[in-house]
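J.: Sending over a structure as structure tokens; questions will come in a sec.
Numbering (the working numbering), first residue to last: 1 to 592.
Structure (structure tokens):
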């Protein structure tokens, strides 16, 4: 329960108290500053409290935006301020100052906001009205302004991301926002909708796994239905301001779980179908490519979001293209965001075969990855940005180096010269080429040992170079690619599915790391990184297992390794994201 203190003389005809009760507030009234201070002190410290000027005139949704968003300790709109437990001390201190200045007079809430010595969130209201009229004429004008704007229409519009893909914007959001409202009016939560989306996608994957044409058609339809629910959960969160740490974790991880489970379902369906087609290598390749592409996005954004002098001719050209309407949508479509990608997969699943689906998907994702990476490389080379220590630490965390790299880094600290990304590129090329040419021979183990040394050399110094954001995706390509190549060369049934499971477990760990960093919570604990070996330790272990074990034994070893890694990272991830200290991360950026 939240408490709202309406301060000042009552205003005839005002619906303010009813509006506050509709938003879930227990309403108390105070005639002056001293009484407001006393009522504030009586509210339990763990309860949200709002102080609202009795003269307030505005939309209910303006009050909702200003007073109920759980992501901010302190928030305010004209005539109203709210504090959660983390902001109560600052609000009490500011109110005490106002009381000492004139305790027997009516409290000026906007003056109270000005007096706060802490960061106060001011939501963007747009056309919504929030005002404190000083006289009857101004009050009448404010009420007319309220009547002229449909706040429910504004609420529905703001439920949709301002920046989204073409397919999502024009084929999903026009009706999914109404589905979000329907869910809100029936008391459903975003987490419940997110879970429904996951369940729907898993059913779609099960349909695809049947290997029948009817199963493939049903899978395509259900995949689109899952995506509609995936859009709805975020729109419901924005519509009703139901943000939570658990919701952040579910939203951040379930998209990948759904997509990769669907890949596995398609691979199973191909094997069970009439042609008994083995496409596990393509499924694993699609997962590797998609994950590496995401790491490029994450690394670049972390390296540059707080960089100074963050301009370049390439960025300027991009800005000019944004002024030409049609180019915006073309550029959003060719990067194959989740909406376009899932629509493509759904249509191809229903109309063609799993092999064709994966081949088209790989070609499309490869083009998208090349386009986005090339553009970011050009931006990095043509800008003179000075990166911060925070950015360098984020890249080091994303690199996911373990104890072997830490140990060898002490030896190479003085020997490592040159740009870090060149070390990473050289080590990745050495490892993948050796795996491709030599397979599981002894040369691969030697190359893996060299990769461990090289990977440590890539992070000996802070990653502040122009292209050092390439280090984490290069490491991902080395680790995932090695597992893919060795499982493919094993030539035994079950090796590629086991490798798929291992890469999925490790990829989850890397996505988990990304969203912790985005929430300013830092990387996963050091003990977890050491326990699962770091990227270089796991890569070396896989190459040694491939060299000393038979193909059948190697398949079993990959399965065991996948189970161990998945168990460790899932337990720690769940513990973190459901804890009270987890950040409320809701991605409103580019669609993944």
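Just so it is clear, CB atoms sit at the ideal spot from N, CA and C, and this is done for glycine as well.
Give the DSSP-derived three-state secondary structure of residue 589 in the structure shown.
T.: Here residue 589 is taken as the residue at index 589 of the chain shown, counted from 1. Confidence is the limiting factor: at residue 589 the pLDDT is only 42, short of 50, which leaves the residue's position unreliable and the question unanswerable from this model.
J.: Taking 8 Å as the threshold, find out whether the stretch 400 to 414 comes into contact with the stretch 525 to 537 through three or more Cβ pairs.
T.: yes
J.: Check residue 110 in the structure and name its three-state DSSP category.
T.: Counted from its first residue, the chain shown places residue 110 at position 110. Reduced to three states, the DSSP call for residue 110 is helix.
J.: Inspect the beta-carbon positions of residue 85 and residue 48 and report whether they are closer than 9 Å.
T.: Your numbering for residue 85 matches position 85 in the chain shown. Your numbering for residue 48 matches position 48 in the chain shown. Result yes, Cβ atoms of residue 85 and residue 48 sit closer than 9 Å.
J.: Any idea if residue 386 is buried or exposed, counting beta-carbon neighbours within 10 angstroms, 16 or more meaning buried?
T.: As a first step, residue 386 must be located in the chain shown, where it is residue number 386. Exposed, by the Cβ-count rule.
J.: Classify residue 152 as buried or exposed, calling it buried when 16 or more other Cβ atoms lie within 10 Å of its own Cβ.
T.: If you number the chain shown from 1, residue 152 lands on position 152. By the 10 Å Cβ count, residue 152 comes out exposed.
J.: What is the DSSP secondary structure of residue 74, counted as helix, strand or coil?
T.: One-based indexing of the chain shown puts residue 74 at position 74. DSSP, reduced to helix, strand and coil, places residue 74 within a strand of the structure shown.
J.: Specify the secondary structure class of residue 384 as computed by DSSP and reduced to three states.
T.: Looking up residue 384 in the chain shown gives position 384. Coil, per DSSP.
J.: Report buried or exposed for residue 1, applying the criterion of at least 16 other Cβ atoms within 10 angstroms of its Cβ.
T.: Within the chain shown, the letter at position 1 stands for residue 1. Under this definition residue 1 is an exposed residue.
J.: Taking all protein chains shown into account, do 16 or more other C-beta atoms lie within 10 angstroms of the C-beta of residue 571, making it buried, or fewer, making it exposed?
T.: Position 571 of the chain shown, counted from the first residue, corresponds to residue 571. It counts as exposed.
J.: For residue 62, which residues of its own chain have a beta-carbon under 8 Å away from its beta-carbon, when the five flanking residues on both sides are left out?
T.: Taking the first residue of the chain shown as position 1, residue 62 is located at position 62. Here the set comprises 77, 125, 128, 129, 130 and 151.
J.: Could you give the distance in angstroms between the alpha-carbon of residue 398 and the alpha-carbon of residue 54?
T.: Working through the chain shown from its first residue, we reach residue 398 at position 398. Working through the chain shown from its first residue, we reach residue 54 at position 54. In a straight line, the C-alpha of residue 398 is about 50 Å away from that of residue 54.
J.: Helix, strand or coil, according to DSSP, for residue 58 in the structure here?
T.: Within the chain shown, numbered from 1, the residue matching residue 58 stands at position 58. Strand at residue 58.
J.: Between the stretch 461 to 468 and the stretch 432 to 444, do at least 3 Cβ pairs fall closer than 8 Å?
T.: No, the stretch 461 to 468 is not in contact with the stretch 432 to 444.
J.: Relative to the C-alpha of residue 577, which candidate in 517, 545 and 549 has its C-alpha closest?
T.: Mapped onto the chain shown, residue 577 falls at position 577. Checked all of 517, 545 and 549; the closest Cα to residue 577 is 517.
J.: As a quick exercise: from 211, 512 and 160, pick the residue whose alpha carbon is nearest that of residue 352.
T.: Numbered from its first residue, the chain shown carries residue 352 at position 352. Taking the Cα of residue 352 as reference, the smallest distance to any Cα among 211, 512 and 160 is reached at 211.
J.: Between the stretch 469 to 487 and the stretch 414 to 434, are three or more C-beta pairs nearer than 8 Å?
T.: yes
J.: Between residue 369 and residue 291, what straight-line distance do the alpha-carbon atoms span, to the nearest angstrom?
T.: Within the chain shown, the letter at position 369 stands for residue 369. Within the chain shown, the letter at position 291 stands for residue 291. Each residue's Cα considered, the two are about 11 Å apart.
J.: Could you name the residues of the same chain whose beta carbon sits closer than 6 Å to that of residue 220, not counting the 5 residues immediately before and after it, in chain order?
T.: The residue labelled residue 220 in the question sits at position 220 within the chain shown. Only 346, 349 and 350 meet the Cβ criterion.
J.: What does DSSP give as the partner residue(s) for residue 82 in the beta ladder?
T.: The residue given as residue 82 occupies position 82 in the chain shown. BP columns for residue 82 point to 50 and 75.
J.: Could you tell me the alpha carbon to alpha carbon distance between residue 394 and residue 522, rounded to whole angstroms?
T.: Counting from one through the chain shown, the residue named residue 394 turns up at place 394. Counting from one through the chain shown, the residue named residue 522 turns up at place 522. Cα-Cα distance, rounded: 8 Å.
J.: Hey, how far is the Cα of residue 586 from the Cα of residue 256?
T.: Translated into positions along the chain shown, residue 586 becomes position 586. Translated into positions along the chain shown, residue 256 becomes position 256. The pLDDT assigned to residue 586 is 49, lower than 50, so where the model puts this residue is not dependable; a value taken from the coordinates is nonetheless given after this. Roughly 15 Å separates the two Cα atoms.
J.: Among the residues of its own chain, which have a CB less than 7 Å from the CB of residue 524, if the five just before and after it don't count?
T.: In the chain shown, residue 524 corresponds to position 524, counting from 1. Cβ neighbours of residue 524 beyond the five flanking positions: 512, 513, 516 and 572.
J.: If I measure Cβ to Cβ from residue 451 and keep anything under 7 Å in the same chain, skipping five residues before and after, which residues do I get?
T.: Looking up residue 451 in the chain shown gives position 451. Short of 7 Å from the beta carbon of residue 451, and not among the five residues preceding or following it, lie these beta carbons of its own chain, in chain order: 427, 430, 431, 478, 536 and 539.
J.: Measure the C-alpha to C-alpha separation of residue 281 and residue 384 and round it to an integer number of angstroms.
T.: Reading the chain shown from its first residue, position 281 is the one you call residue 281. Reading the chain shown from its first residue, position 384 is the one you call residue 384. Each residue's alpha carbon lies about 41 Å from the other.
J.: Out of 229, 287 and 57, point me to the one whose CA is closest to residue 504's CA.
T.: For this step, residue 504 is matched to residue 504 along the chain shown. Checked all of 229, 287 and 57; the closest Cα to residue 504 is 287.
J.: What alpha helix (DSSP H) runs, 4 residues minimum, are completely inside the stretch 337 to 423?
T.: 338 to 351, 354 to 382, 389 to 399 and 403 to 412
J.: Tell me which residue opens and which closes the beta strand (DSSP E) that residue 26 is part of.
T.: Against the chain shown, residue 26 aligns to sequence position 26. Start and end: 25 to 30.
J.: Counting only the same chain and skipping the five closest in sequence on each side, list residues whose C-beta sits under 7 Å from that of residue 588.
T.: If you number the chain shown from 1, residue 588 lands on position 588. In this predicted model, residue 588 has a pLDDT of only 46, less than 50, meaning its place in the structure is not dependable enough to derive any value.
J.: For residue 173, collect the residues of the same chain with a Cβ closer than 6 Å to its Cβ; drop the 5 residues on either side in sequence, then sort them by chain order.
T.: Counting from one through the chain shown, the residue named residue 173 turns up at place 173. Once the five neighbours on either side are set aside, the close Cβ partners of residue 173 are 160.
J.: Looking at the secondary structure, which residues open and close the beta strand (DSSP E) in which residue 4 lies?
T.: Translated into positions along the chain shown, residue 4 becomes position 4. Segment 2 to 7, the beta strand (DSSP E) holding residue 4.
J.: Counting Cβ pairs closer than 8 Å, one from the stretch 134 to 141 and one from the stretch 104 to 114, do we hit at least three?
T.: no
J.: If you check the beta carbons only, do residue 200 and residue 339 fall under 9 Å apart?
T.: Against the chain shown, residue 200 aligns to sequence position 200. Against the chain shown, residue 339 aligns to sequence position 339. Not closer than 9 Å, so no.
J.: Just how far apart, CA to CA, sit residue 52 and residue 234?
T.: Here residue 52 corresponds to residue number 52 of the chain shown, with the count starting at 1. Here residue 234 corresponds to residue number 234 of the chain shown, with the count starting at 1. Distance between the alpha carbons of residue 52 and residue 234 is about 29 Å.
J.: Please state whether DSSP places residue 509 in a helix, a strand or coil.
T.: For the purposes of this step, residue 509 is identified with residue 509 of the chain shown, where counting begins at 1. Shown here, residue 509 sits in a helix according to DSSP, grouped into three states.
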